[in-house]
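Peer 1: Numbers given in the numbering used here equal positions in the sequence shown, counted from 1, plus 273. In this text, a Cβ means the ideal position worked out from N, Cα and C, and glycines have one as well. It should be emphasised that the depicted structure is a prediction, and the values quoted were computed from it without experimental measurement. Structure incoming, see below.
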Amino acid sequence: MAILSRSKINPGQPWWTLNRTKPVPKKIDGWRFSLKGSPRHYEDVLRIIESDPKATVYFGEALTYERGAGVALWRINAESFEWLPKLYNWWAETERIEPVVSTFYLYLPSNNKYPAFDLRSSTPVEVERYIRTYAPQSEAEAQAQSRRI
């Protein structure tokens, strides 16, 4: 009868969910942009980006469809770009090992329909310079740009 007399904090849920705490997201107010690439590499890219303490993926989808093609989506908020050279090194190593050629596209909140930049055709320094120049730097600015017609 002890199970019936337990506190009704979350009725209907198993007892082991009562002690679970949600992780606190990183509070970063940096440049906001999106990357799209191969769904096959979602977890690896997520791990590379999250390895930088001043960058976070605030929204990600391992598989979404864009014009009939399956792509992975990472919406990134970054104050630093230390993860970008690591991404390029990992990408080169992955293409050396696997016979599959893949690419990543950079999207800005002002135009989520068409890519602003193809990462294959540039260096990490050029990508960082482009993001610092054109990407919004706050959540409010990103929302304002995404709602502009």
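(1) Which of helix, strand or coil does DSSP assign to Thr376?
(2) Any heavy atom of the ligand ATP within a distance shorter than 7 Å of the CB on Asp317?
(3) With a Cβ-Cβ cutoff of 8 Å, do Leu392 and Leu379 count as a contact?
(4) Evaluate Thr396 with the Cβ neighbour count: other Cβ atoms within 10 Å of its Cβ, from every protein chain shown; 16 or more gives buried, anything less gives exposed.
(5) Per DSSP, what kind of secondary structure is Ser311 in: helix, strand or coil?
(6) Applying the criterion that 16 or more other CB atoms from any shown protein chain within 10 Å of the CB defines a buried residue, is Pro372 buried or exposed?
(7) Over the uninterrupted alpha helix (DSSP H) stretch that includes Tyr387, give me the two end residues.
(8) Contact check, Ile349 vs Phe390 under 8 Å by CB: the rounded distance?
(9) When we look at the beta-carbon of Pro382 and count the other beta-carbons within 10 Å, is it buried (16 or more) or exposed?
(10) What's the call for Lys386, buried or exposed, on a 16-neighbour Cβ count within 10 Å?
(11) Check the C-beta distance from Ser411 over to Asp302 and give it rounded, since I have them as a contact under 8 Å.
(12) So, helix, strand or coil for Arg305, using DSSP?
(13) How would you call Gly341, buried or exposed, if buried means at least 16 neighbouring beta carbons within 10 angstroms?
(14) Could you check how far apart the C-beta atoms of Leu357 and Glu316 are, in whole angstroms? I think they sit under 8 Å.
(15) Output the distance between the C-alpha atoms of Gln416 and Tyr407, rounded to the nearest integer angstrom.
Peer 2: The short version:
(1) Translated into positions along the sequence shown, residue 376 becomes position 103. DSSP places Thr376 in coil when its eight states are reduced to three.
(2) Absence of the ligand ATP from the depicted structure is noted, as is the absence of any ligand whatsoever, leaving it without description.
(3) Position 119 of the sequence shown, counting from 1, holds the residue named residue 392. Position 106 of the sequence shown, counting from 1, holds the residue named residue 379. Cβ distance < 8 Å, so Leu392 and Leu379 count as in contact.
(4) Residue numbering aside, residue 396 sits at position 123 when the sequence shown is read from its first letter. So Thr396 counts as exposed.
(5) The residue given as residue 311 occupies position 38 in the sequence shown. It is coil, neither helix nor strand.
(6) As a working mapping, residue 372 is identified with position 99 in the sequence shown. Classification of Pro372: exposed, given that the 10 Å Cβ count is below 16.
(7) The residue labelled residue 387 in the question sits at position 114 within the sequence shown. Careful: Tyr387 lies outside any alpha helix (DSSP H) and carries neither H nor E.
(8) Translated into positions along the sequence shown, residue 349 becomes position 76. Translated into positions along the sequence shown, residue 390 becomes position 117. Rounded, the Cβ-Cβ distance is 13 Å, inconsistent with contact.
(9) Here residue 382 refers to the residue found at position 109 when the sequence shown is read from its first residue. Result: buried.
(10) One-based indexing of the sequence shown puts residue 386 at position 113. Label assigned to Lys386: exposed.
(11) To locate residue 411, count along the sequence shown from 1; it is residue 138. To locate residue 302, count along the sequence shown from 1; it is residue 29. The pair is a contact, with the Cβ atoms about 6 Å apart (cut-off 8 Å).
(12) As a working note, residue 305 is residue 32 in the sequence shown. Of the three classes helix, strand and coil, the one that applies to Arg305 here is strand, per DSSP.
(13) In the sequence shown, residue 341 corresponds to position 68, counting from 1. Flag for Gly341 reads exposed.
(14) In the sequence shown, residue 357 corresponds to position 84, counting from 1. In the sequence shown, residue 316 corresponds to position 43, counting from 1. The Cβ separation is near 18 Å, so there is no contact.
(15) The sequence position of residue 416 within the sequence shown is 143, counting from 1. The sequence position of residue 407 within the sequence shown is 134, counting from 1. So the two alpha carbons sit approximately 14 Å from each other.
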